[in-house]
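Student:
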Amino acid sequence: MRTMHRSTVPTVMALLLSLPAQGGILEEYIDRENKAFKYEVRQEITDLGLRVSSIRLTSQEWRGQEWKHWLTVFVPPVVDSHKRGVLLIEGGSNRDGLPDPKSDEGRMIGANALSLRAPVALLLQVPSQPLYENLYEDDLIAHTFDRYLKGGDDDWPLLLPMVKSATSAMDALQALAREGKIRTPAGQSCQLDQFVIGGASKRGWTTWLTAAVDERVCALAPSVIDVLNMAEQMQHQKKSYGSFSSKIRPYTSRKIMERLDTPRGKLLRKVIDPFEYIEKLQQPKLMLLGTNDPYWTVDSAQLYFPELKGPKAIYYLPNAGHGLGLGVLPTLNAFLLSTLNGKSFPQLESRVVEGRMEVSWQGKGKAELWTATSATRDFREARWAATPLEGAERVEITPRPPKSGWSASYVTVTFPPLRTVDAPYKVSTPVTVIPTTFPHE
Numbered sequence: 347m348r349t350m351h352r353s354t355v356p357t358v359m360a361l362l363l364s365l366p367a368q369g370g371i372l373e374e375y376i377d378r379e380n381k382a383f384k385y386e387v388r389q390e391i392t393d394l395g396l397r398v399s400s401i402r403l404t405s406q407e408w409r410g411q412e413w414k415h416w417l418t419v420f421v422p423p424v425v426d427s428h429k430r431g432v433l434l435i436e437g438g439s440n441r442d443g444l445p446d447p448k449s450d451e452g453r454m455i456g457a458n459a460l461s462l463r464a465p466v467a468l469l470l471q472v473p474s475q476p477l478y479e480n481l482y483e484d485d486l487i488a489h490t491f492d493r494y495l496k497g498g499d500d501d502w503p504l505l506l507p508m509v510k511s512a513t514s515a516m517d518a519l520q521a522l523a524r525e526g527k528i529r530t531p532a533g534q535s536c537q538l539d540q541f542v543i544g545g546a547s548k549r550g551w552t553t554w555l556t557a558a559v560d561e562r563v564c565a566l567a568p569s570v571i572d573v574l575n576m577a578e579q580m581q582h583q584k585k586s587y588g589s590f591s592s593k594i595r596p597y598t599s600r601k602i603m604e605r606l607d608t609p610r611g612k613l614l615r616k617v618i619d620p621f622e623y624i625e626k627l628q629q630p631k632l633m634l635l636g637t638n639d640p641y642w643t644v645d646s647a648q649l650y651f652p653e654l655k656g657p658k659a660i661y662y663l664p665n666a667g668h669g670l671g672l673g674v675l676p677t678l679n680a681f682l683l684s685t686l687n688g689k690s691f692p693q694l695e696s697r698v699v700e701g702r703m704e705v706s707w708q709g710k711g712k713a714e715l716w717t718a719t720s721a722t723r724d725f726r727e728a729r730w731a732a733t734p735l736e737g738a739e740r741v742e743i744t745p746r747p748p749k750s751g752w753s754a755s756y757v758t759v760t761f762p763p764l765r766t767v768d769a770p771y772k773v774s775t776p777v778t779v780i781p782t783t784f785p786h787e
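Sequential numbering of the sequence shown, starting at 347, is according to the working numbering.
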């Protein structure tokens, strides 16, 4: 929110008005006037029955540098009237040229738009990189956190411009829709009032924060970002592994984790930790995770999933790492189809009572128990195996601790396809580890 100052305003009031907006540093950054914002349609083609527009987007100027992105929109020949679209957020380099909509990824997104009967947009270059002597990805993000923790101004955390990249993409898509430039091959104009957004890893992080500050986000599907409630997560890692995961070395090498509980570190967490925005994250949400993701502990979701508000679901792809794989697509597509059309998505209710895990759901579904064991409470290299469970809309399991080491388990329910052309899809409970002790407490 921008504030105009008059010379007659008392000094104290002027100082108050110069502080970040009541909503916080992230909200103030997103609401700030954006003179650098612009967009231009660079290419329009028709491919496999879709109208594909390639847009050059300037999302903002951050610390003296313009952030430029490629924004590609796939519009199918038939668009349902829900006035919603999908925004997928990905990475890349600010040195990349015009993306090929006929690439394998382009064809996959196009097929998704055809199936969903909705516009699907792909936003690249989040973040704009490389920056600061060729830094990319986590090294770049950690560098900006370090600058902030050392007393830099509030704009330093890179998640701020990453989120603004997504909100600016929605601004551009809505403006193009109003101009009649988001249209089917036959010329039917599309209206875009709301978006289902998704991204993986750092873009999953961006997805969470964008949903927290932009009411146009009607649902979210973040992938492989299992680190909400960050301070607790870091303690959990050290108690489980004895040290932090090597995958987050860009942060640990700069001693970011050691400073999260300092006064400045607590301010940083309020900006970048989606858990801090939990009351605002009321939209339907689907978390896609791999059981063997080396970035996080296997039961990281236990530190935040029970506290999430609104409709929520999680799916673990067994024996998958940070890259996940195509096995998550049926669940993702079912979630997108449901939320675009304003329909509910299945949720599993789970609780532990006197050592028994009780899991319930509504509708037809077949349950299976996935388990793995580890001598060290480190499940990154564990192999998961499934056992079918008997029960209609409810199952009970009594996990038994191994003779030595630790055991991890979760329940997945497979639901029938939403349409005859779709595949069955799956929803899971969070992972539970027993015994509840830690090897490095």
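Positions of the beta carbon are idealized from the N, C-alpha and C atoms, including for glycine.
How far does the beta strand (DSSP E) with L396 in it extend, from its first residue to its last?
Tutor: Run containing L396: L396 to W408, per the beta strand (DSSP E) assignment.
Student: Report buried or exposed for P676, applying the criterion of at least 16 other Cβ atoms within 10 angstroms of its Cβ.
Tutor: Buried is the call here.
Student: Since I believe N665 is in contact with R729 (beta carbons under 8 Å), could you give me their beta-carbon distance rounded to a whole number of angstroms?
Tutor: With 8 Å as the limit, R729 and N665 qualify as a contact, their Cβ atoms being about 6 Å apart.
Student: Leaving out five residues before and five after D768 in sequence, what residues of the same chain have Cβ atoms less than 6 Å from its Cβ?
Tutor: Answer for D768: no residue qualifies.
Student: For Q411, which option in P507, K655 and Y662 has the closest C-alpha, if you only look at C-alpha atoms?
Tutor: Answer by Cα proximity: P507.
Student: Mind checking which residues open and close the beta strand (DSSP E) that includes F491?
Tutor: Where F491 is concerned, there is no enclosing beta strand (DSSP E), although the alpha helix (DSSP H) it sits in stretches over E483 to L495.
Student: Taking only the alpha-carbon atoms, compute the straight-line gap between L495 and G611 and give it to the nearest angstrom.
Tutor: Roughly 6 Å between the two C-alpha positions.
Student: Measuring straight from C-alpha to C-alpha, what distance separates K510 and E736?
Tutor: Roughly 47 Å separates the two Cα atoms.
Student: Spell out a yes or no on whether the region 647 to 656 and the region 775 to 786 are touching, meaning 3 or more CB-CB pairs, one atom from each, closer than 8 Å.
Tutor: Touching, yes.
Student: Where does H582 fall in DSSP's three states?
Tutor: Looking at H582 - three-state DSSP - the assignment turns out to be helix.
Student: Quick one: using the 10 Å Cβ neighbour count with 16 as the cut-off for buried, is R529 buried or exposed?
Tutor: R529 should be labelled buried.
Student: Any idea which residues DSSP pairs V757 with across the strands?
Tutor: L715.
Student: When the Cα of P692 is compared with those of A467, P747 and Y661, which residue comes out closest?
Tutor: Looking at the Cα atoms, Y661 is the closest of the given residues.
Student: Please look up how many angstroms separate the CB atoms of E436 and V472, rounded, as I've assumed it's under 8 Å.
Tutor: Between V472 and E436 the Cβ distance is about 7 Å, and since that is below 8 Å, they are a contact.
Student: The beta strand (DSSP E) with E412 in it runs from where to where?
Tutor: Unbroken beta strand (DSSP E) run through E412: Q411 to V421.
Student: If you compare alpha carbons, which of D607, Q520 and E483 is closest to L504?
Tutor: If we check each option's Cα against that of L504, E483 comes out closest.
Student: Leaving aside the five residues before and after R702 along the sequence, list all residues of the same chain whose C-beta is less than 6 Å from its C-beta, in chain order.
Tutor: Only E742 and T744 meet the Cβ criterion.
Student: The alpha helix (DSSP H) spanning E373 covers which residue range?
Tutor: I371 to D377 is the span of the alpha helix (DSSP H), which, as asked, contains E373.
Student: Give me, in chain order, the residues of the same chain whose beta-carbon lies closer than 8 Å to that of P356; leave out the 5 immediate sequence neighbours on both sides.
Tutor: Bear in mind that a pLDDT of 40 at P356, under 50, signals an unreliable position, so the number given afterwards is only what the model happens to contain. So no residue of the chain qualifies.
Student: Return helix, strand or coil for I391, following the three-state DSSP convention.
Tutor: Reduced to three states, the DSSP call for I391 is strand.
Student: Let me know the beta strand (DSSP E) ranges lying completely inside the region 645 to 712, each 3 residues or longer, listed in chain order.
Tutor: Listed in chain order, the complete beta strand (DSSP E) runs (minimum 3 residues) inside the region 645 to 712 are 658 to 663, 695 to 699 and 702 to 706.
Student: Does the ligand MG have even one heavy atom less than 7 Å from the beta-carbon of D484?
Tutor: Of the ligands one can find in the structure shown there are none, so the ligand MG has no counterpart to examine.
Student: Candidates R409, S449 and Q581: which alpha carbon is nearest F784's?
Tutor: For F784, the nearest C-alpha among the options comes from Q581.
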